[in-house]
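**Q** The structure's right below; bear with me while I get my questions together.
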Amino acid sequence: MKSYWHSVILEKDYCNGCTHCLDRCPTQAIRVVDGKARIIESRCIDCGECLRVCPFHAKGALVSTLEILKKFKYTVALPAISFYGQFDERYDMNTVYNAMLLLGFDEVYDSAYAAEVLGGYEVELIKNNKTQNKPLISTYCPVITRLIQIRYPALIDNIIRLESPMEIAARCIRTRLMKQGYANEDIGIIFITSCPAKVTSIKNPIGVEKSYIDEAISVEEIYYKVMKVIDKVDVKKQIQKSSGRGIGWARVGGQSYSMGIDDYIAVDGIEEVIKVLETLELGKLKELDFFEGYACVNGCVGGPLNVENTFIAKNRIRKLSKAYKLDGPMPTDSNLIPKSIEWNLPLEPMPVYKLDNDFKKALEKMAKIEEIAQSLPGINCGACGAPSCRVLAEDIVNHMAKYEDCIIIKKKKEEAT
Amino acid sequence: MKPYMKDPANAAMKLHYEVAKDDFARAGEASSKIKSVLKQLGIEGGVLRRIAIAAYEAEINLVIHSEGGTVEAFIKPDCIELYIEDKGPGIADIDLAMTQGYSTANPAAREMGFGAGMGLPNMQKVCDDFTIESEPGEGTRIKMVVNY
Chain A
1381 MKSYWHSVIL EKDYCNGCTH CLDRCPTQAI RVVDGKARII ESRCIDCGEC
1431 LRVCPFHAKG ALVSTLEILK KFKYTVALPA ISFYGQFDER YDMNTVYNAM
1481 LLLGFDEVYD SAYAAEVLGG YEVELIKNNK TQNKPLISTY CPVITRLIQI
1531 RYPALIDNII RLESPMEIAA RCIRTRLMKQ GYANEDIGII FITSCPAKVT
1581 SIKNPIGVEK SYIDEAISVE EIYYKVMKVI DKVDVKKQIQ KSSGRGIGWA
1631 RVGGQSYSMG IDDYIAVDGI EEVIKVLETL ELGKLKELDF FEGYACVNGC
1681 VGGPLNVENT FIAKNRIRKL SKAYKLDGPM PTDSNLIPKS IEWNLPLEPM
1731 PVYKLDNDFK KALEKMAKIE EIAQSLPGIN CGACGAPSCR VLAEDIVNHM
1781 AKYEDCIIIK KKKEEAT
Chain B
16 MKPYMKDPAN AAMKLHYEVA KDDFARAGEA SSKIKSVLKQ LGIEGGVLRR
66 IAIAAYEAEI NLVIHSEGGT VEAFIKPDCI ELYIEDKGPG IADIDLAMTQ
116 GYSTANPAAR EMGFGAGMGL PNMQKVCDDF TIESEPGEGT RIKMVVNY
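Put into structure tokens, the structure is as follows:
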């Protein structure tokens, strides 16, 4: 399996080897080895749960800083839609976008507008879906797409094969700038991200060969710099152009709401999403047309790289959505057409839990795992470094751990001798 | 229909679960465990889904209709076999029970969204081979085979 670049990283110096992250990781991707947490890269879906729960801030997200602007001749900032929710209501978004020009960007693009246009195509797909693959599944949260690839391969055909708003916006910007004469390498399209998974999507895209975005900077970094200059901004340009429909995508349910569909569910928080995916895998909930799921509570406003309290931000998004109107005509944009927003690569399952490529060997391993798991204490304490006794049994069979790593087994053995 | 018979030959692994009557809180646990084992064995998505549906529907039937019973899965090199056995009460008219939309689920089960009369028809639909035997007063035995 090809290895892939991850945004979520571990800063070893801060880690004290506790079990907070072990417990929370939804894909059992973390082990504590020699007193330090370690991430198994093939299993990590960049959800950021570990980053959120780590009491020592030993988990981080790899993002760039504003220094990166120097690398390019022409730079475009593409703020995540949840950026709308970060600022107090007395600063309107157009002022914020103009403030970003003062930070050194040559241009700022409103990605909510791309979401709005995308929603127009998406709703057609949903309404005209005559296949057995119901409900269709949104790919807006890349964590959920990765989760389906590794844990729910039977649901891959339910996934809507359209690019994310940030990606279509970037394609449109790059195409325009190249037409204007800029060389590809001179253009720097920089996503302002609330989430590590989006950074991973840029470096390691799903469904396309290469992202049209070059770098990502966190919302945190930009937010404080914008706040320093915002009172001095001379608003020159009209940059904000999305209606309330696109802005709504920043919170859970906003996507479905903006498309005006009725039979959908919108689920936030990775544990809850897993419950729904388990149900979908059994062929249930066929009466639904659409499912939007988010790893973060409240959707993208809950992203770990945001600054504002997620519930406050969610409420702002709701209010802004209303203020920027939800009932106008759907925009059509000749630069944002279906041909340029569909994935061109197939979405493959990533069976990272598979024990062996040889079915017979996999069966043998499985039998051993069952046997070992029975003999372990079953209290899932995490002291061995694996999140549960069952996972320790798997690691033992895969030669990644020893039976004596279990402290209870070890103690019993010592007492016996 | 072939007579119900357990065939342990070639079973590389056998999974066995007890399912209790009316235990809605645990309903689905056995099929969920079977599903995760099959994922680790690398069973392809479509096949996995069919087995998961068959096992889940059978498990729910045990909870709603039976006096309790067992779900067994035999994992073989070319197929999965599911064996469902219960302690009663048995089905008087199997053809009627196999009819879409026919259900004898009680109001409590219906309250929880079960009893649409699709369990047995769905099980038969997703399997490559389906055998059911039942007598009132005795239990019901079902064998389902899903080929890879």
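Chains as they are written, first to last, in this note's numbering: chain A, 1381 to 1797; chain B, 16 to 163. We treat Cβ as the ideally placed atom computed from N, Cα and C, and that holds for glycine.
(1) Going by DSSP, name the residue or residues bridged to Leu30 (chain B).
(2) Would you say Lys1655 (chain A) lies against chain B (beta-carbon separation less than 8 Å)?
(3) Could you check whether the segment 1631 to 1645 of chain A touches the segment 1598 to 1611 of chain A, counting it as contact only if at least three pairs of C-beta atoms, one from each stretch, sit closer than 8 Å?
(4) In chain order, what residues of the same chain lie with their CB nearer than 8 Å to the CB of Leu1700 (chain A), ignoring the 5 residues before and after it?
(5) Can you give, in chain order, each stretch of the alpha helix (DSSP H) that sits fully within the segment 1679 to 1707 of chain A and has at least 4 residues?
(6) Please classify Glu1600 (chain A): does DSSP put it in a helix, a strand, or coil?
(7) Identify each residue in the segment 1522 to 1545 of chain A for which the Cβ-Cβ distance to at least one residue of chain B is less than 9 Å, and report them in chain order.
(8) Would Glu148 (chain B) be called buried (16 or more neighbouring beta carbons within 10 Å of its own) or exposed?
(9) Looking at chain A, is there any beta carbon in it that lies within less than 8 Å of the beta carbon of Met138 (chain B)?
(10) Spatial neighbours of Asp1736 (chain A) within its chain, please: CB distance less than 7 Å, with the 5 preceding and 5 following residues excluded, ordered by chain position.
(11) Report, in whole angstroms, the separation of the C-beta atoms of Thr1659 (chain A) and Leu1668 (chain A), which I expect to be a contact under 8 Å.
(12) Run through the DSSP bridge pairs and tell me what Arg1418 (chain A) is partnered with.
(13) Could you give the first and the last residue of the continuous alpha helix (DSSP H) run that contains Pro122 (chain B)?
(14) Give a yes or no on whether 8 Å exceeds the smallest Cβ distance from Lys54 (chain B) to chain A.
(15) Using a Cβ-Cβ cutoff of less than 6 Å, which residues in the same chain neighbour Asp1713 (chain A) once the five nearest sequence positions on both sides are dropped?
(16) In angstroms, rounded to a whole number, what distance separates the CA positions of Ile1788 (chain A) and Lys1439 (chain A)?
(17) Check whether the Cβ atoms of Gly134 (chain B) and Ile75 (chain B) sit closer than 8 Å, and answer yes or no.
(18) Please report the straight-line C-alpha distance between Lys1605 (chain A) and Ile1570 (chain A), rounded to a whole angstrom.
(19) Starting from the Cα of Glu87 (chain B), find the closest Cα among B:Gly105, B:Asp38, B:Leu111, B:Ser47 and give me that residue.
(20) Would you identify the three-state DSSP class for Thr1525 (chain A), choosing helix, strand or coil?
(21) Would you kindly report the start and end of the unbroken alpha helix (DSSP H) that includes Met20 (chain B)?
(22) Mind checking if Pro92 (chain B) is an interface residue toward chain A, Cβ cutoff 8 Å exclusive?
(23) Between the segment 1476 to 1487 of chain A and the segment 1445 to 1452 of chain A, are three or more C-beta pairs nearer than 8 Å?
(24) Please list, in chain order, the chain A residues whose beta carbon lies closer than 7 Å to that of Met28 (chain B).
(25) Output, in chain order, the set of chain B residues within a Cβ distance shorter than 8 Å of Phe1739 (chain A).
(26) Based on the DSSP secondary-structure assignment, which residues constitute the bridge partners of Met159 (chain B)?
(27) Quick check on Leu135 (chain B) - is its C-beta less than 8 Å from some C-beta in chain A?
(28) Could you check how far apart the C-beta atoms of Asp1775 (chain A) and Ala1763 (chain A) are, in whole angstroms? I think they sit under 8 Å.
(29) Nearest CA to the CA of Gly116 (chain B): which residue from B:Ala26, B:Ala131, B:His31, B:Cys142?
(30) Less than 8 Å between CB atoms is the rule here; does Leu1668 (chain A) satisfy it with respect to chain B?
(31) Considering only the alpha carbon of each residue, which of A:Lys1559, A:Val1523, A:Arg1531, A:Leu1557 lies closest to Val1579 (chain A)?
(32) Could you have a look at Gly1628 (chain A) and say whether DSSP puts it in helix, strand or coil?
(33) List the whole-angstrom C-beta distance separating Ala1781 (chain A) from Ala1753 (chain A), where the pair is believed to meet the contact cut-off of C-beta under 8 Å.
(34) Could you tell me the boundaries of the beta strand (DSSP E) in which Ile1641 (chain A) lies?
(35) Could you tell me the boundaries of the beta strand (DSSP E) in which Ala1457 (chain A) lies?
(36) On the CB-based measure, 16 or more other CB atoms within 10 Å of its CB, does Ser1598 (chain A) come out buried or exposed?
**A** Looking at the coordinates:
(1) B:Ala88
(2) no
(3) no
(4) Tyr1464, Gly1465, Met1473, Gly1624, Ile1627
(5) 1690 to 1703
(6) helix
(7) Arg1531, Tyr1532, Pro1533, Ala1534, Leu1535, Ile1536, Asp1537
(8) buried
(9) no
(10) Ala1742, Lys1745
(11) Not quite, the Cβ-Cβ distance comes to about 10 Å (not below 8 Å), so this is no contact.
(12) A:Arg1411
(13) 122 to 126
(14) yes
(15) Val1497
(16) 29 Å
(17) yes
(18) 16 Å
(19) B:Ser47
(20) helix
(21) Per DSSP, Met20 (chain B) belongs to no alpha helix (DSSP H) and is neither H nor E.
(22) yes
(23) yes
(24) Leu1743, Met1746, Ala1747
(25) Leu56, Gly57, Pro92
(26) B:Leu97, B:Phe145
(27) no
(28) Rounded, the Cβ-Cβ distance is 14 Å, inconsistent with contact.
(29) B:Ala131
(30) no
(31) A:Val1523
(32) helix
(33) Not quite, the Cβ-Cβ distance comes to about 13 Å (not below 8 Å), so this is no contact.
(34) Careful: Ile1641 (chain A) lies outside any beta strand (DSSP E) and carries neither H nor E.
(35) 1454 to 1459
(36) buried
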